[in-house]
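First up is the structure itself, then whatever we jot down about it.
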Amino acid sequence: MTGSDAWSGRAPRTVAEAVAVQDELRSLVDLVGPGPTAPATVAGLDVAYAESGDRLAAAVTVLDAATLAVVDEAVSVGRPAFPYVPGLFAFRELPALRDALDRLTVRPDLLVCDGHGLAHPRRFGLACHLGVVTGLPAIGVGKTPLVGEWEEPGLRRGAWTPLRDGGAEVGRVVRTRDGVKPVFVSVGHRISLDNAVDRVLALTPRYRLPETTRTADQLCRAALAATPA
19 MTGSDAWSGR APRTVAEAVA VQDELRSLVD LVGPGPTAPA TVAGLDVAYA
69 ESGDRLAAAV TVLDAATLAV VDEAVSVGRP AFPYVPGLFA FRELPALRDA
119 LDRLTVRPDL LVCDGHGLAH PRRFGLACHL GVVTGLPAIG VGKTPLVGEW
169 EEPGLRRGAW TPLRDGGAEV GRVVRTRDGV KPVFVSVGHR ISLDNAVDRV
219 LALTPRYRLP ETTRTADQLC RAALAATPA
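Sequence positions in the sequence shown follow our numbering and run 19 to 247.
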């Protein structure tokens, strides 16, 4: 499952090399889309870390977009591929996530990442990175913001306000459940912001977080617990 091969060779070893990769790939991001409005399948991606921080499990679950039933899943257990550096978190997780994606038998129509896309200090978060390297439409859904300013959206499900950074709208703050904390939605690749919000609301019929994130979180935690230290 490959798109751009701009980062398919040697992984960056330094902060400067990683920033250079982000700068190179950022120009390939499609922020217009419009992306699929009725995807057949949607994938969730999440990563769990051992308490020691030296092991991780990356999981991908593919859901039927109509029923939200899991139709395929894959996991990859390994070690972080890069040190913890704010703004470069994707480099820790991307190799394991790509490995898990390559193990799938069902190619998803859309990726939903537990993280950010455009709403990133260098406008190139995990959802952008995964979208570019796989060629698939991608959305970032964060539990907490990484950048930007916003006003609290209305209390009813579906209410939203712009997430702005440096005067630009980099995402939206979306209420997925009445009276529950909002989530932070941003474009990753090949999808419009309007469509990204619609897809997130379609994936949250019962809980604050998308079903894609919930199922991927459960899978990666279970895989990590089952793997010897």
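We put the beta carbon where it would ideally sit given N, CA and C, even for glycine.
Unbroken alpha helix (DSSP H) run spanning Ala38, endpoints: 33 to 44
Range covered by the beta strand (DSSP E) that runs through Ala156: 156 to 160
May I have the straight-line CA-CA distance separating Ala214 from Leu221, to the nearest angstrom? 11 Å
With 16 other Cβ atoms within 10 Å as the buried cut-off, status of Arg224: exposed
Under 8 Å: do the segment 76 to 95 and the segment 140 to 151 share three or more Cβ pairs, one atom per stretch? no
According to the neighbour-count rule (16 or more other Cβ atoms, all chains shown, within 10 Å of its Cβ), is Val198 buried or exposed? By the neighbour-count rule (16 or more Cβ atoms within 10 Å), Val198 is not buried but exposed.
Paired residues, beta bridge with Tyr67 - DSSP: Leu74
Along the chain, where does the beta strand (DSSP E) containing Arg182 start, and where does it finish? 178 to 183
Taking DSSP as the reference, what is the three-state secondary structure of Asp132? coil
Beta-carbon spacing of Leu129, Gly206 below 8 Å: In contact: Leu129 and Gly206 (Cβ atoms closer than 8 Å).
Assuming Gly62 contacts Thr233 under a Cβ cut-off of 8 Å, what Cβ separation, rounded to an integer in Å, is found between them? That belief holds up - the Cβ atoms of Gly62 and Thr233 are roughly 6 Å apart, short of 8 Å.
Taking DSSP as the reference, what is the three-state secondary structure of Arg217? DSSP, reduced to helix, strand and coil, places Arg217 within a helical segment of the structure shown.
Measuring CB to CB, does Val192 end up less than 8 Å from Pro171? Taking a C-beta distance under 8 Å as the contact criterion, Val192 and Pro171 qualify as a contact pair.
What residue range is occupied by the uninterrupted beta strand (DSSP E) comprising Glu91? 88 to 96
Going by alpha carbons, who is nearest to Val39 out of Leu112, Lys161, Arg73? Leu112
On the CB-based measure, 16 or more other CB atoms within 10 Å of its CB, does Thr229 come out buried or exposed? One detail in the question is off: residue 229 reads as Glu in this sequence, not Thr. Buried, by the Cβ-count rule.
CB-CB length for Cys335 against Val60, believed under 8 Å: In this structure the chain extends from 19 to 247, so residue 335 is not present and cannot be described.
Find the nearest neighbour of Ile157 within the set Ala241, Gly53, Pro30, Gly185, judged by alpha-carbon distance. Nearest in C-alpha terms to Ile157, of all of Ala241, Gly53, Pro30, Gly185, is Gly53.
In this structure, does DSSP put Phe142 in helix, strand or coil? coil
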